[in-house]
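K.L.:
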Amino acid sequence: MNDKPEHFIIDGKRLDGRNLDELRPIKIEMSPLDRADGSCYLEWGNNKIMAAVYGPRELHPRHRQNMTRSVVQYRYNMASFSVDERIRPGPSRRSVEISKVSREAFEPVVFTKFFPRTAIDVFIEVLQADAGTRTAGINAASLALADAGIPMRGLVSACAVGKVDGRIVLDLMKEEDNYGEADMPVAMIAGGRITLLQMDGRLTTEEFYEALKLAKTGCDKVYELQRQALLEKYGGEHPVDAEDVSLEGDTDEQ
């Protein structure tokens, strides 16, 4: 049975009543796990994500240790009960791919050179899935890393943009993600440096740059919510923004 809606946008509104450039509601809870070094629970629309960070801690087996920096290990997992039709527990090709690209989104941001021969373990558990789980996981992981006191160049903020009914929209819902014409997850730090960009579908050059501009707007909104969550927990001064930190020539120092 095909559940594809006839139209995704009616009178300028999407199926869930949002504007084209509007995010789904986001709720953030800091430090829900006592035994983790840092943790975050995040709800984004109907997504429910738990992130936990452990480390820096000694990396085993030792032959995987790097003498000059820490190794960031990222594990994304969808609980078998997180979707309508139960999925097989354990790693899948999709979860392995999302773990890889999400880890790479943090590698240029975390100051790994401060913790040689160690591992920083990031665990993302999707308790309920409703489109955009990789970007929601990245946002939760960024806050969990900050909660663990891991030094970073800035918070990583992520959102997805896409194309439905020939229009570019922000933060795809489930139906838009399943049946839309394009889906483009993006992660960046404040100031606009992109650490993750993927695309499924087709966009013209003009549509791509329109989508990228809208993604920047969405990531800026997410960053403000992340920043507010940290300020509510820890208070203190305004955190250093990524644009205040020189990024030139830093790659080799990782």
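Just so you know, our numbering puts the end of the sequence shown at 268, numbered straight through with nothing missing.
Positions of the beta carbon are idealized from the N, C-alpha and C atoms, including for glycine.
All values derive from a computational prediction rather than experimental measurement.
For Ser156, which residues from the same chain have a beta carbon less than 6 Å from its beta carbon, with the 5 sequence-adjacent residues on both sides left out?
P.N.:
Answer for Ser156: Leu169 and Val170, listed in chain order.
K.L.:
What are the boundary residues of the alpha helix (DSSP H) that Thr149 is part of?
P.N.:
First-last of the alpha helix (DSSP H) with Thr149: Thr147 to Asp161.
K.L.:
Tell me whether the beta-carbon of Ala174 lies closer than 7 Å to the beta-carbon of Leu186.
P.N.:
Closer than 7 Å, so yes.
K.L.:
By DSSP, does Phe129 sit in helix, in strand, or in coil?
P.N.:
Coil.
K.L.:
May I ask you to verify whether the segment 55-75 touches the segment 132-140, counting CB pairs closer than 8 Å and requiring at least 3?
P.N.:
Segments in contact, yes.
K.L.:
What three-state label does DSSP hand Asn33 in the structure shown?
P.N.:
In this structure, Asn33 counts as coil in the three-state DSSP scheme.
K.L.:
Excluding five sequence neighbours on each side, which residues of the same chain lie with their C-beta closer than 8 Å to the C-beta of Pro165?
P.N.:
Correct list, in chain order: Val124, Phe125 and Phe128.
K.L.:
Can you have a look at Asp25 and say buried or exposed, based on whether 16 or more other CB atoms are within 10 angstroms of its CB?
P.N.:
Exposed is the call here.
K.L.:
May I ask you to report which of helix, strand or coil DSSP gives Leu47?
P.N.:
Three-state DSSP puts Leu47 in coil, outside helix and strand.
K.L.:
On the CB-based measure, 16 or more other CB atoms within 10 Å of its CB, does Asp144 come out buried or exposed?
P.N.:
Classification for Asp144: buried.
K.L.:
Determine the DSSP secondary structure at Lys114, reduced to helix, strand or coil.
P.N.:
Note: Lys114 maps to helix in three-state DSSP.
K.L.:
Any idea what DSSP makes of Ser109, helix, strand or coil?
P.N.:
Helix, per DSSP.
K.L.:
Looking at Asp161: is its Cβ nearer than 7 Å to the Cβ of Met44?
P.N.:
It is a contact, given that the beta carbons lie within the stated cut-off.
K.L.:
For Asp51, does the count of other Cβ atoms within 10 angstroms reach 16, so buried, or fall short, so exposed?
P.N.:
Its Cβ being crowded by 16 or more others within 10 Å, Asp51 is buried.
K.L.:
Assuming contact is defined by CB atoms lying nearer than 7 Å, are Tyr88 and Ser53 in contact in what I supplied?
P.N.:
Cβ distance not < 7 Å, so Tyr88 and Ser53 don't count as in contact.
K.L.:
Can you list, in chain order, the residues of its chain with a C-beta nearer than 7 Å to that of Thr82? Leave out the 5 residues immediately preceding and following it.
P.N.:
Correct list, in chain order: Lys127 and Pro130.
K.L.:
Using the three-state DSSP reduction, which class does Val97 fall into: helix, strand or coil?
P.N.:
It is coil, neither helix nor strand.
K.L.:
Starting from Gly180, trace the beta strand (DSSP E) in both directions and tell me its first and last residue.
P.N.:
From DSSP, Gly180 is part of no beta strand (DSSP E); its letter is neither H nor E.
K.L.:
Provide the residue(s) that pair with Ala201 in DSSP beta bridges, ordered along the chain.
P.N.:
Beta-bridge pairing links Ala201 to Ala172 and Leu210.
K.L.:
For Lys18, which beta-bridge partners are listed by DSSP?
P.N.:
Paired residue(s): none; Lys18 is not in a bridge.
K.L.:
On a Cα-Cα basis, can you pick out the residue from Ile182, Ile152 and Pro46 that is closest to Phe222?
P.N.:
Considering only alpha carbons, the answer is Ile182.
K.L.:
Within its chain, find whatever has a CB closer than 8 Å to the CB of Arg216; leave out the 5 residues flanking it on each side and keep chain order.
P.N.:
So the qualifying residues of the chain are Glu195 and Ala196.
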